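Engineer:
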Amino acid sequence: MTLLSRKKGEHGLKLSTSDILEIVRDIGKVIEDNKQYLTELDAAIGDADHGINMARGFRAVSQKLEGMRSEDIGEILKAVGMTLVSNVGGASGPLYGTAFIRAASAVQGKSSAGLDDFVSMLDAAIEGIKSRGKAELEDKTMLDALIPAVAALREAEAEGMSLVAAFARAKEAANTGMLHTKDIVARKGRASYLGERSFGHQDPGATSSYLMLASIHESLQELRR
Amino acid sequence: MTLLSRKKGEHGLKLSTSDILEIVRDIGKVIEDNKQYLTELDAAIGDADHGINMARGFRAVSQKLEGMRSEDIGEILKAVGMTLVSNVGGASGPLYGTAFIRAASAVQGKSSAGLDDFVSMLDAAIEGIKSRGKAELEDKTMLDALIPAVAALREAEAEGMSLVAAFARAKEAANTGMLHTKDIVARKGRASYLGERSFGHQDPGATSSYLMLASIHESLQELRR
Amino acid sequence: MKKLINSTESVVEEMLAGIEAAHPEVRKLDTANVLVRKDSPVNKVALISGGGSGHEPAHGGFVGKGMLDAAVAGAVFTSPTPDQIYEAIKAVATEAGVLLVIKNYTGDVMNFEMAGEMAAADGLRVDQIIVNDDVAVEDSTYTTGRRGVAGTVFVHKIAGAKAEERASLDEVKAVAEKVILNTRTMGMALTSCTVPAAGKPTFTLGENEMEIGIGIHGEPGTHREELKTADEITEHLVDRILADLPLTTTDEVAVMINGLGATPLMELYIVNRKVQEILETKGISVYKTFIGEYMTSLEMAGTSVSLLKLDEELKVLLDAPADTPAFKVF
Amino acid sequence: MKKLINSTESVVEEMLAGIEAAHPEVRKLDTANVLVRKDSPVNKVALISGGGSGHEPAHGGFVGKGMLDAAVAGAVFTSPTPDQIYEAIKAVATEAGVLLVIKNYTGDVMNFEMAGEMAAADGLRVDQIIVNDDVAVEDSTYTTGRRGVAGTVFVHKIAGAKAEERASLDEVKAVAEKVILNTRTMGMALTSCTVPAAGKPTFTLGENEMEIGIGIHGEPGTHREELKTADEITEHLVDRILADLPLTTTDEVAVMINGLGATPLMELYIVNRKVQEILETKGISVYKTFIGEYMTSLEMAGTSVSLLKLDEELKVLLDAPADTPAFKVF
Ligand SMILES: Nc1ncnc2c1ncn2[C@@H]1O[C@H](COP(=O)(O)OP(=O)(O)O)[C@@H](O)[C@H]1O
Ligand SMILES: Nc1ncnc2c1ncn2[C@@H]1O[C@H](COP(=O)(O)OP(=O)(O)O)[C@@H](O)[C@H]1O
Ligand SMILES: [Mg+2]
Ligand SMILES: [Mg+2]
Ligand SMILES: [Mg+2]
Ligand SMILES: [Mg+2]
Numbered sequence: 048m049t050l051l052s053r054k055k056g057e058h059g060l061k062l063s064t065s066d067i068l069e070i071v072r073d074i075g076k077v078i079e080d081n082k083q084y085l086t087e088l089d090a091a092i093g094d095a096d097h098g099i100n101m102a103r104g105f106r107a108v109s110q111k112l113e114g115m116r117s118e119d120i121g122e123i124l125k126a127v128g129m130t131l132v133s134n135v136g137g138a139s140g141p142l143y144g145t146a147f148i149r150a151a152s153a154v155q156g157k158s159s160a161g162l163d164d165f166v167s168m169l170d171a172a173i174e175g176i177k178s179r180g181k182a183e184l185e186d187k188t189m190l191d192a193l194i195p196a197v198a199a200l201r202e203a204e205a206e207g208m209s210l211v212a213a214f215a216r217a218k219e220a221a222n223t224g225m226l227h228t229k230d231i232v233a234r235k236g237r238a239s240y241l242g243e244r245s246f247g248h249q250d251p252g253a254t255s256s257y258l259m260l261a262s263i264h265e266s267l268q269e270l271r272r
Numbered sequence: 048m049t050l051l052s053r054k055k056g057e058h059g060l061k062l063s064t065s066d067i068l069e070i071v072r073d074i075g076k077v078i079e080d081n082k083q084y085l086t087e088l089d090a091a092i093g094d095a096d097h098g099i100n101m102a103r104g105f106r107a108v109s110q111k112l113e114g115m116r117s118e119d120i121g122e123i124l125k126a127v128g129m130t131l132v133s134n135v136g137g138a139s140g141p142l143y144g145t146a147f148i149r150a151a152s153a154v155q156g157k158s159s160a161g162l163d164d165f166v167s168m169l170d171a172a173i174e175g176i177k178s179r180g181k182a183e184l185e186d187k188t189m190l191d192a193l194i195p196a197v198a199a200l201r202e203a204e205a206e207g208m209s210l211v212a213a214f215a216r217a218k219e220a221a222n223t224g225m226l227h228t229k230d231i232v233a234r235k236g237r238a239s240y241l242g243e244r245s246f247g248h249q250d251p252g253a254t255s256s257y258l259m260l261a262s263i264h265e266s267l268q269e270l271r272r
Numbered sequence: 003m004k005k006l007i008n009s010t011e012s013v014v015e016e017m018l019a020g021i022e023a024a025h026p027e028v029r030k031l032d033t034a035n036v037l038v039r040k041d042s043p044v045n046k047v048a049l050i051s052g053g054g055s056g057h058e059p060a061h062g063g064f065v066g067k068g069m070l071d072a073a074v075a076g077a078v079f080t081s082p083t084p085d086q087i088y089e090a091i092k093a094v095a096t097e098a099g100v101l102l103v104i105k106n107y108t109g110d111v112m113n114f115e116m117a118g119e120m121a122a123a124d125g126l127r128v129d130q131i132i133v134n135d136d137v138a139v140e141d142s143t144y145t146t147g148r149r150g151v152a153g154t155v156f157v158h159k160i161a162g163a164k165a166e167e168r169a170s171l172d173e174v175k176a177v178a179e180k181v182i183l184n185t186r187t188m189g190m191a192l193t194s195c196t197v198p199a200a201g202k203p204t205f206t207l208g209e210n211e212m213e214i215g216i217g218i219h220g221e222p223g224t225h226r227e228e229l230k231t232a233d234e235i236t237e238h239l240v241d242r243i244l245a246d247l248p249l250t251t252t253d254e255v256a257v258m259i260n261g262l263g264a265t266p267l268m269e270l271y272i273v274n275r276k277v278q279e280i281l282e283t284k285g286i287s288v289y290k291t292f293i294g295e296y297m298t299s300l301e302m303a304g305t306s307v308s309l310l311k312l313d314e315e316l317k318v319l320l321d322a323p324a325d326t327p328a329f330k331v332f
Numbered sequence: 003m004k005k006l007i008n009s010t011e012s013v014v015e016e017m018l019a020g021i022e023a024a025h026p027e028v029r030k031l032d033t034a035n036v037l038v039r040k041d042s043p044v045n046k047v048a049l050i051s052g053g054g055s056g057h058e059p060a061h062g063g064f065v066g067k068g069m070l071d072a073a074v075a076g077a078v079f080t081s082p083t084p085d086q087i088y089e090a091i092k093a094v095a096t097e098a099g100v101l102l103v104i105k106n107y108t109g110d111v112m113n114f115e116m117a118g119e120m121a122a123a124d125g126l127r128v129d130q131i132i133v134n135d136d137v138a139v140e141d142s143t144y145t146t147g148r149r150g151v152a153g154t155v156f157v158h159k160i161a162g163a164k165a166e167e168r169a170s171l172d173e174v175k176a177v178a179e180k181v182i183l184n185t186r187t188m189g190m191a192l193t194s195c196t197v198p199a200a201g202k203p204t205f206t207l208g209e210n211e212m213e214i215g216i217g218i219h220g221e222p223g224t225h226r227e228e229l230k231t232a233d234e235i236t237e238h239l240v241d242r243i244l245a246d247l248p249l250t251t252t253d254e255v256a257v258m259i260n261g262l263g264a265t266p267l268m269e270l271y272i273v274n275r276k277v278q279e280i281l282e283t284k285g286i287s288v289y290k291t292f293i294g295e296y297m298t299s300l301e302m303a304g305t306s307v308s309l310l311k312l313d314e315e316l317k318v319l320l321d322a323p324a325d326t327p328a329f330k331v332f
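Protein chains in written order, with the numbering used here: chain A, 48 to 272; chain B, 48 to 272; chain C, 3 to 332; chain D, 3 to 332.
#1: Answer with buried or exposed for N106 (chain C), where buried requires no fewer than 16 other C-beta atoms within 10 angstroms of its C-beta.
#2: Using Cβ-Cβ distances below 9 Å, what residues of the stretch 75–95 of chain B are close to chain D?
#3: Between the stretch 76–86 of chain C and the stretch 15–30 of chain D, can you find at least three pairs of beta-carbon atoms closer than 8 Å?
#4: Keeping to the same chain, check which residues put their C-beta closer than 7 Å to that of E57 (chain B); ignore five residues upstream and five downstream.
#5: Of all the beta strand (DSSP E) runs that stay within the bounds of the stretch 192–242 of chain A, which reach a length of 3 or more residues?
#6: Helix, strand or coil for Y107 (chain D) per DSSP?
#7: Using the Cβ count rule (16 or more neighbours within 10 Å means buried), how would you classify M48 (chain A)?
#8: Which residues share a DSSP beta bridge with N260 (chain C)?
#9: Does DSSP classify E183 (chain B) as helix, strand or coil?
#10: Please return the same chain residues whose Cβ sits closer than 6 Å to the Cβ of L99 (chain D), not counting the five positions on each side in sequence.
#11: Assign I50 (chain C) to one of three DSSP states: helix, strand, or coil.
#12: Under the criterion of a Cβ to heavy atom distance below 7 Å, does D191 (chain B) qualify as lining ligand 5?
#13: How would you write the range of the alpha helix (DSSP H) that D325 (chain D) sits in, first residue to last?
#14: At a cut of 8 Å, does the stretch 227–234 of chain A reach the stretch 171–187 of chain A through at least three beta carbon pairs?
#15: Taking 8 Å as the CB-CB cut-off, is S256 (chain A) touching chain C?
#16: Please list, in chain order, the chain B residues whose beta carbon lies closer than 7 Å to that of Y107 (chain D).
#17: Could you tell me which residues DSSP puts in a beta bridge with D136 (chain D)?
#18: Looking at D94 (chain B) and ligand 5, is the gap between the Cβ and the nearest heavy atom below 7 Å?
#19: According to a CB-to-CB cut-off of less than 7 Å, which residues of the stretch 238–249 of chain A neighbour chain C?
#20: Starting from the beta carbon of M116 (chain C), find every residue of chain A whose beta carbon is closer than 8 Å, and list them in chain order.
#21: Apply the 10 Å Cβ neighbour rule to A245 (chain C) and answer buried if 16 or more other Cβ atoms are within range, or exposed otherwise.
#22: Would you say G175 (chain A) lies against chain C (beta-carbon separation less than 8 Å)?
#23: Relative to ligand 5, is the shortest distance from any of its heavy atoms to the C-beta of F64 (chain C) smaller than 7 Å?
#24: So which residues of chain C does G137 (chain A) contact, with C-beta pairs closer than 7 Å?
What follows is the structure, encoded as structure tokens:
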């Protein structure tokens, strides 16, 4: 685990570029560990490749990051996004890729990031996903995990919570949103072809989004130690 | 059951054309009942169609016989053979077809047949099979049931046995020959492609030959009643 | 999982190497998983299609004279990435322009669009059309709409012939749109496919079950039901198509009976027999019939039926020469 | 058993009706399960092949210009009967004569020979050749010898081209014999096929087993072994072929990678990649490669590799035009 930069005390905690690198690498591990699980969720209402796609993408990301020497978090996230775009494919590739690229612009030139930055990054990511994929909340996509998560993050920020605590809330909200995808019918993506038959199944993309947020929370806990 | 013609007393028993028709029809039933069994034997060392082929052939035979009015056993058997040739296909079609056609020439013009005629018919049938298929005893074919059977029949004739008793012997000999096909390696027909791997399996054609002889024996017993 | 492969990771690359070795008329780009036509004329609209792999011969098998200039191969069932598609565009783009033929899947649409934007930024003239022939899916502007399936091959053939005539990009696009407007497909499956990297069948059907309205990725269809006879199944497929593409006795159609991967040709012909009988009963003329594997779903057993309503222009273009590994007309 | 059929009894007749409806260039005889070429020239040697059904596109798919004049379809995996073959001969026989192309199976040989005798009795000029390309089976005069499998399609193509040139019956037969002498095939299976009327798979293989040296009727091969990689399997198949057909660096071959029914084209291409690599390593040139389903075994998963050693005459004939439902060269 890398050093944690405590620039403004625990609650105004800021992460360094190396923390961000650590977080992204941890996401890659979580995705790899859940490759089979995500693929099985996709088999039920899609084409059985979501875990495979994401794992391929994050394997490329971690190769890419190995060679990267940068103090610019924006630059790092942009590299992550571009790598996802050109290695994942399918629907999730352009969407997660765009998400990271947009998140990057929110922290362009910065070498540290606090909770406020995370809110901006996630906001930008969600806007990117929406404009690429034309989906909304309740369409049974990754947005159903991400939108509640950033709302929770913003709330936590307003309440002056710490980054870790805020991500604990975001993770919870993402989890609820992810589980809620079982209760709705898909209107976007491959599952939408199923119509009513998509009901009762958890969306794989919402699940990978939840897993990423949960991984960030976990990494933050590690970093705090 | 049709009437039994007792021209020369029990042991010189002669069968009428209608007896022959009955015998052929009974063979058809036995083949139909054993369709699955013969096909399974063929699945093990061939192409899983022997029972299907034979059943198709004998269904055509019984249709053919329905419309036939003849007192000539030769004519009847020739019709059976021709029908088999043009409905069975595969290896067994030309072989059994030729067998019946050749058997027919042995009783050409006759309206009754005794044990001596059966010996001639079977002799002719075997010659026909041999000349069509170029196989010999111990090649793991139908001949391994038929050749011992006709030998037994001839022996029984020499001993002055009745037709029924003679066919009881022929059936036994065919059964032994059929079982013996398990202990040899195929040199002719589709099973020969297997080489050593055909060992241990009972030949489907030897089995259908045995079933026909057993059926004749059964019919003769019925006819005697 | 029983497959003739070396590793689940290498299937696409090794397949492309095998295609390149088999068909001298196509070449694989060094820089990407893209098959291009070797002798693409420089003054004609370039046609590019592609998508996830696992649908062979689609789309690489349709690269050649009279059809596609390039086909981009993604991972199995996964749309190719924008950079791969961008390489394809750069490799075959002409002054006359490029038309991207995209099957209607969120992933394909997004990745192809991103590549189109990249190429447009380079000053290349790129347009696109989206194929959505699958009547199993309800058409709605609130959802992703219909999937693109086997009918896509009609688009390749006819737009390809139009481009070969040196028609303009707009003309090629217009005829492609006409094909899309007049093509409908409906499919069914007897068994699932297995995505190599997933290692097990995407779904399982009982010994007496079939999946109706299946797509080409092992995604569930409209419903499951008890296995019926070929005639009953065919009737259902054709009914679904005709409910959406009403045809009258003056109409002429092209028929495609597409095998999904493991269906013996024997069964496809049995299906065709019934399709022709139904159409004949309704007085609809069949101009041409295509039977075989055009757009598969790995080793799935099942079939799709496509009908394309023809006019004089489409007939001429359908009959125009094509010389590709998987589709030859002369 | 999951099949798109109406009844196990009607598969062949319904398939033939479906073929006739799909391909205007072939016609089914009213009197028999025979597909004939519609425009057979009257002054050329007529080529007839056939055998049990279940091997589609063989043989009906090869009826047409440059290949067969007639194909006789028996019951599934069952040689057609002499009267059916006789009808085929009568339908296409010419003054130039008839050549029967028979795969080496006891049943096929006997039924075709009987038909040939019937036709000869009518005064028709009929000759025959027997194809036995399968190296899985040991060649021996004491047994039935080798089976005829996918390599038969090379005989159809090349003898068909020779006949199209108006060569004499002896010349057509001679070139067919040359092809047979120079063709070898070796196959393997991952799964069994199911004969419709039998209702269940002919054999069963474990999840990790394959059958090496399989024929095209679900008959057992040379042995069973643990599933290996595509490259290892291909190496074994090619080795077996080359052990029987020694080739040197000056030799040129045609390659056929034949799918047995349920094998995705993707996998056939992966096999092809390795075949080409092996041949290249040995310095053997590949003149032309054919990939796809040519001689199937119902829904069996598996493949066969065929090599045909070429000379100048064979190359020209292989390249000659052919226009049949399943084989087109132009
Ligand atoms: N239009 C969209 N907007 C947002 N997310 C989407 C959209 N379409 C699909 N997704 C997400 O993508 C996931 C599927 O990703 P993946 O399986 O990798 O791609 P594909 O569907 O092309 O196979 C879905 O579970 C869903 O969450
Ligand atoms: N040359 C031959 N001589 C005698 N009997 C033969 C010969 N070849 C095959 N047979 C018999 O035919 C049987 C197979 O018949 P069948 O399955 O109907 O035909 P096919 O082998 O063409 O599928 C074998 O079991 C064998 O007894
Ligand atoms: Mg997916
Ligand atoms: Mg058999
Ligand atoms: Mg996908
Ligand atoms: Mg057979």
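Every residue gets a Cβ at the ideal spot worked out from N, C-alpha and C, and that includes glycine. These figures come from a predicted structure and were not determined experimentally.
Structural biologist: So, from the listed chains and residues:
#1: buried
#2: K82, Q83, T86, E87, D89, A90, A91, I92, G93, D94 and A95
#3: no
#4: In this predicted model, E57 (chain B) has a pLDDT of only 48, less than 50, meaning its place in the structure is not dependable; the value taken from the coordinates is given anyway. Excluding positions up to five away in sequence, the list reads S209.
#5: none
#6: coil
#7: Confidence at M48 (chain A) is low in this model, with a pLDDT of 35, below 50, so its placement is unreliable and no value can be given for it.
#8: C:G294 and C:S306
#9: coil
#10: A small fix is needed here, since residue 99 (chain D) is Gly in this sequence, not Leu. Hits under 6 Å: V47, R127 and L171.
#11: strand
#12: no
#13: Note, D325 (chain D): premise wrong, no alpha helix (DSSP H); beta strand (DSSP E) at A324 to T326.
#14: yes
#15: no
#16: R237
#17: D:T187
#18: no
#19: S239, Y240, L241, G242 and R244
#20: V132 and P141
#21: exposed
#22: no
#23: no
#24: T80, S81 and G109
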